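Protein chains in written order, with the numbering used here: chain A, 604 to 845; chain B, 604 to 845. Note that beta-carbon positions come from the ideal geometry of N, C-alpha and C, so glycine has one too. Keep in mind it's a predicted model, so treat the numbers as computed, not measured. Below is one structure; the comments refer to it alone.
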C-alpha cells in the first residue's frame, strides 16, 4: 500500500479553495500590462501539470506566448471567426453579441495555448478504451487547475474559443496528432468582476443548483439534497435565484 | 462597469488552493463507507456549478446516485467494458492491467453522473460557434472544481471512464441531447495516496514540466520559464524528475 498523504485543510485553507472557485472569472476587458513574474507563471503551470489525466498519460503541452507578432496572428484568427459567428445569431441578438468584449489577446501580457497530444505513450491508454475523448478532458482539467491557481495569485485568465483550430495549428506548428484545446489570456487585472459579464449584461441568467440537480435518474428533483437546498432558500430569501 | 471583486488571498488561503491541487488523487481502493453529510455534498456541488461555461450556458446536470441497485447497474457496464478493454492491451501488459483496481462504484457511498445538455439555451451559444466541443469542456471544468472542493473537505473522488456511454444513457434515462461526460465515485477515504497509483506501480512515469512546456511555438524549449526550471532543478537535485 502506498504511503498515505494525510494533509488536512485548516478552515482558512478550505476558504481559499472555495474563494478561488467562487471569485474566478473569465477576463476579457480588465487586463493590465504589468508583467507576470516567471516564478508565478511556473507555479500556476505546475498546478496545471498536476491535473488528473486518464491512464496518467499527461497528454497536455503548454505553449507560452509573449511575442506580440504571435498574438497578432491569433488576433487575426479571432477577428475572422468573430465576424463569421455574428452571422449565426438572430438579428435581434446580433447587435448585443457584437457589443461584447470577448477576448484580451493583445492586451494581456501572456497568452497560453494548451494542447492534447493524443498519441502520448502509445495508442492504448488505460481508461480511454471506451471513451476516446477522455484525453481531451484531461487537458481541460489542467486548464481549470491553472485558472484557480491563477485566481489565488491575483492573475486573471480568459478562455478565447472564438478561433479556428486550423489557424492555431498553423501559427504554432502543431503536429497532426496534437489538438489545440484552449487558447488563454493571462494577466493581472484592474478588478475581478463581481459576476460573469454575460450575466450582468442580461444575456443569460445564473441557474440555481436546484434546477440542475437530480437524484438517481434524469429529471428527479427529490431527495435529501433538494430538501437542504429548499431549506437554504427559505432561510436566505434574498439570495440570487433564477 | 460592474462592481469589482477585490478579494485577495492570504498566504494560507493560497496554500489551500495549491495543496488541493497537489494532493488531489483519483480514488479507487481507499473508500470508506461513512456517509457524506448533505451539507458537504451541497457545498462541493455548488463549487461544480460555479465553473466557467462557454457563453454562460451552464450545460451541466448532476445526478446523485446513492441507491445500491443503480450502482450495481453501472458496475455491470464497467465489468463488460473492462473485460473488452483488457483485450486491447499487448499481452505483455494485460496481466498488469487486470491487476489494477480501477473503480470504487459499489464501495463508495455516493456516485455522481455529470452530463452536458448540448441544447441548453438554444442552438447558438457565444463561444461555441467555431469549436463545437466547448460545452463538453465546460462540464469538465465543473468536474475539476468539484474534485478540488471535495479534496479540501477530505472527500475522495474517482473518475470511472471504463464504461459505455450508451449504458449510462439507458440506466439514467438521459434525453438524446444530453451527453454523459463523467461518472464519479465519492467518499471519505482511509488515506490519499502519496502519488498516483499508476506512477507508484511503474506503469507510466511523471513527466517534468520542462518536458511539456514550450515558448512561442511547438517544440521550442528556451526562454525565461525554462531558465527558471533549470535553476530549480539544479537547486533541488533530489526532486523527482523523469
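So the candidates are B:769, B:616 and B:669; which of them puts its Cα closest to the Cα of residue 710 of chain B? The residue with the shortest Cα to Cα distance from residue 710 of chain B is B:669.
Using a Cβ-Cβ cutoff of 8 Å, what residues of the segment 724-735 of chain B are near chain A? List them in chain order. Flagged, chain order: 724, 727, 729, 730, 731, 732, 733 and 734.
What is the DSSP secondary structure of residue 620 of chain A, reduced to helix, strand or coil? Of the three classes helix, strand and coil, the one that applies to residue 620 of chain A here is helix, per DSSP.
In or out: residue 718 of chain A buried (at least 16 other Cβ within 10 Å) or exposed? So residue 718 of chain A ends up on the buried side.
How big is the Cα-Cα spacing for residue 608 of chain B and residue 769 of chain B? C-alpha of residue 608 of chain B to C-alpha of residue 769 of chain B: approximately 43 Å in a straight line.
Would you call the CB atoms of residue 705 of chain B and residue 631 of chain B closer than 7 Å? Cβ distance < 7 Å, so residue 705 of chain B and residue 631 of chain B count as in contact.
DSSP beta-bridge partners of residue 792 of chain A: Per the DSSP secondary-structure output, residue 792 of chain A pairs in a beta bridge with A:634.
Per the DSSP calculation, residue 716 of chain A is bridged to which residue(s)? BP columns for residue 716 of chain A point to A:666 and A:786.
Counting Cβ pairs closer than 8 Å, one from the segment 684-693 of chain B and one from the segment 827-839 of chain A, do we hit at least three? Not touching, per the Cβ criterion.
Compare the C-beta of residue 786 of chain B with all C-beta atoms of chain A and state if any pair is closer than 7 Å. Proximity of residue 786 of chain B to chain A, defined by a Cβ-Cβ separation below 7 Å, is not satisfied.
In or out: residue 671 of chain B buried (at least 16 other Cβ within 10 Å) or exposed? Exposed, because fewer than 16 other Cβ atoms sit within 10 Å of the Cβ of residue 671 of chain B.
Which class does residue 722 of chain A belong to by DSSP, given the choice of helix, strand or coil? In the structure shown, residue 722 of chain A sits in coil (DSSP, three-state: anything other than H, G, I, E or B).
At a CB-CB cut-off below 8 Å, which residues of chain B make contact with residue 698 of chain A? Correct list: empty, because the minimum Cβ distance to chain B is about 14 Å.
Distance cut-off 6 Å: residue 652 of chain B Cβ against heavy atoms of the ligand MN: No copy of the ligand MN appears in this structure; indeed no ligand is present at all.
Kindly indicate which three-state DSSP category residue 693 of chain A falls into: helix, strand or coil? Correct three-state label for residue 693 of chain A: coil.
Measuring CB to CB, does residue 657 of chain B end up less than 7 Å from residue 737 of chain B? Contact flag set, yes.
Under 7 Å, do residue 678 of chain A and residue 791 of chain A count as touching if we go by C-beta distance? Residue 678 of chain A is not a Cβ neighbour of residue 791 of chain A, given a cutoff of 7 Å.
Quick one: Cα of residue 698 of chain A to Cα of residue 758 of chain B, how far? Answer to the nearest angstrom: the Cα atoms are 46 Å apart.
Should residue 759 of chain A be flagged as near chain B, meaning a C-beta pair shorter than 7 Å? Judged by the 7 Å Cβ criterion, residue 759 of chain A is not in contact with chain B.
Once you ignore the five residues that flank residue 666 of chain B on each side, which residues in its own chain have a CB closer than 6 Å to its CB? Here the set comprises 716 and 775.
Run of the beta strand (DSSP E) containing residue 763 of chain A, from where it starts to where it stops: Where residue 763 of chain A is concerned, there is no enclosing beta strand (DSSP E), given that its DSSP letter is neither H nor E.
Neighbour-count burial assignment, residue 637 of chain B, 16 or more Cβ in a 10 Å radius: Flag for residue 637 of chain B reads exposed.
Using a Cβ-Cβ cut-off of 7 Å, state whether residue 799 of chain A counts as contacting chain B. It does: the Cβ of residue 799 of chain A has a partner Cβ on chain B nearer than 7 Å.
Got a sec? Which residues, its chain only, sit under 7 Å from residue 783 of chain B by beta carbon, not counting five neighbours each side? Once the five neighbours on either side are set aside, the close Cβ partners of residue 783 of chain B are 716, 718, 768, 771, 772 and 777.
For the segment 614-629 of chain A, list every residue whose C-beta sits within 8 Å of some C-beta in chain B, in sequence order. Contact annotation: in the segment 614-629 of chain A, residues whose CB is within less than 8 Å of a CB in chain B are 615, 616, 617, 618, 619, 620, 621, 622, 623, 624, 625, 626, 627, 628 and 629.
Return the chain-ordered list of same chain residues with a C-beta closer than 7 Å to the C-beta of residue 622 of chain B, the five sequence neighbours on each side being excluded. Excluding positions up to five away in sequence, the list is empty.
Top-ranked residue by Cα proximity to residue 660 of chain B, from A:748, A:828, A:831 and A:801: Here the closest residue by C-alpha is A:801.
Which residues of the segment 654-684 of chain B have a Cβ closer than 8 Å to any Cβ of chain A? Give them in chain order. Within the segment 654-684 of chain B, the residues whose Cβ lies closer than 8 Å to some Cβ of chain A are 654, 655, 657, 658, 659, 660, 661, 663, 664, 665, 666, 667, 668, 669, 670, 673 and 684, listed in chain order.
Less than 7 Å between CB atoms is the rule here; does residue 744 of chain A satisfy it with respect to chain B? Yes, residue 744 of chain A counts as interfacial toward chain B.
Within-7 Å CB hit, residue 828 of chain B to chain A: Residue 828 of chain B counts as touching chain A.
Helix, strand or coil for residue 845 of chain B? Go by DSSP, reduced to three states. Note that residue 845 of chain B has pLDDT 38, beneath the 50 cutoff, so the model's placement of it is unreliable and the number below is only indicative. Three-state result, residue 845 of chain B: coil.
Comparing the C-beta of residue 634 of chain B with each C-beta of chain A, is any distance below 7 Å? By this cut-off, residue 634 of chain B is not an interface position.
Taking C-alpha atoms, which residue in A:696, A:752 and A:746 lies nearest to residue 614 of chain B? Ranking A:696, A:752 and A:746 by Cα distance to residue 614 of chain B puts A:752 first.
For residue 743 of chain B and residue 701 of chain B, the rounded distance between their alpha carbons: Taking the straight line joining both Cα atoms gives about 27 Å.
So, helix, strand or coil for residue 839 of chain B, using DSSP? Three-state result, residue 839 of chain B: coil.
Leaving out five residues before and five after residue 796 of chain A in sequence, what residues of the same chain have Cβ atoms less than 6 Å from its Cβ? Cβ neighbours of residue 796 of chain A beyond the five flanking positions: 628.
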